[in-house]
Amino acid sequence: MSLPPGPDVAAALESAYTGVTAVVTGLSDRDLLLPSGCRGWTVADLLLHVQGDAQRALVALHTPAAGPPDVDFVSYWRGFPGGSEELGPNVHWIRRTAAAFQRPGGIVELWSDTAPAAAHAARTAEFAAFVATQGHVLAVPDFLATLVTEAVIHHLDLVAELPGAPAPADDAVGIAVATLAGLAGPAGLPAHWTPLEALRKATGRSQPDVADSRFPLIG
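Under our numbering, the first residue of the sequence shown is numbered 451, with each subsequent residue one higher.
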């Protein structure tokens, strides 16, 4: 699988983050405490997790690394396989940290400050460079694509109990689906799945309508 040019991936990241902002802006504190599609996390908890990705983007994009990369935008995810029933320590850490905010809306304010800064850093990045994150080295466009994929999948998690909330942007969805198709291997994803179905079914967010031991691809 190949990626669009670096500037297009950066634009997709901005679209993905703008989409998350559109979901959470204007939600009441009560709405922010609704369950998300991630087991054990409310909407506010999950938003804090995604905010951590935006913060990680700011750090990585300002910390160049020597190449060559050891993973790309697809193989990066093989370190985060799906199917586990265990709740990792990050789940509990996020819940405790989110609870420390005076009100859930404070997490929206933090996200609204961080996400545009991360998107700006992506737009102005050196696309031929490499960055280090989570023990790996990636080319900048591949790194940005991993952020797009995570933001899009969690966008769908955020709206699990928010009927009528906006869907993620098409350019961001395209990169996320390309990631899952790459993880699926030569057989690819079922051709009859729509992009949003692929995002939900291939990640275990909803039950696949095909018997295939490859799914879920991402936890």
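Note that beta-carbon positions come from the ideal geometry of N, C-alpha and C, so glycine has one too.
Between the CA atoms of residue j and residue i - distance to the nearest angstrom
i	j	result
P485	P613	13 Å
D522	W643	25 Å
A619	Q584	27 Å
F665	P645	16 Å
L508	T564	9 Å
G635	A550	42 Å
L597	D458	14 Å
R545	E611	18 Å
E535	Q657	Low per-residue confidence applies at E535: pLDDT is 48, beneath 50, and the placement is therefore not dependable enough to give any value.
V609	L496	11 Å
C488	I668	12 Å
Q552	P514	36 Å
S478	E559	13 Å
A461	G476	24 Å
A569	Q505	11 Å
Residue i burial status per 10 Å Cβ neighbour count (16 or more: buried)
i	result
V470	buried
H604	buried
A652	buried
R655	buried
P519	buried
Y467	buried
G638	exposed
L511	buried
A578	exposed
T629	buried
V660	exposed
D607	buried
G456	buried
R480	exposed
R650	buried
A567	exposed
A641	exposed
Cβ neighbours of residue i in the same chain (closer than 6 Å, five flanking residues each side left out)
i	result
F593	V581
S465	A619, D621 and A622
V541	G490
A575	L511 and V590
P616	A472
A683	No answer is possible for residue 683: the residues shown for the chain start at 451 and end at 669.
S663	none
8 Å Cβ shell around residue i - same chain, five flanking residues per side excluded
i	result
E600	V500 and D503
A670	Since the displayed the chain opens at 451 and closes at 669, residue 670 lies outside it and no answer follows.
Supposed close pair residue i, residue j - CB separation, criterion 8 Å
i	j	result
A626	V602	4 Å
L453	A572	Contact flag wrong, Cβ pair sits at about 13 Å.
W527	V474	With 8 Å as the limit, W527 and V474 do not qualify as a contact, their Cβ atoms being about 25 Å apart.
Residues near residue i by beta carbon distance below 7 Å, same chain, minus five either side
i	result
A494	L482, L483, A548, P554 and I557
T492	L482, L483, L484, P485 and S486
A648	V627, L630 and L639
L498	I544, T547, A548 and I557
F530	I668 and G669
Run through the stretch 580 to 619 for me and flag every whole alpha helix (DSSP H) of 4 or more residues, listed as ranges in chain order. 590 to 608
Whole runs of the alpha helix (DSSP H) within the stretch 452 to 540, excluding any shorter than 4 residues: 456 to 474, 479 to 482 and 493 to 511
May I have a chain-ordered list of the alpha helix (DSSP H) segments no shorter than 4 residues that lie completely inside the stretch 540 to 581? 555 to 573
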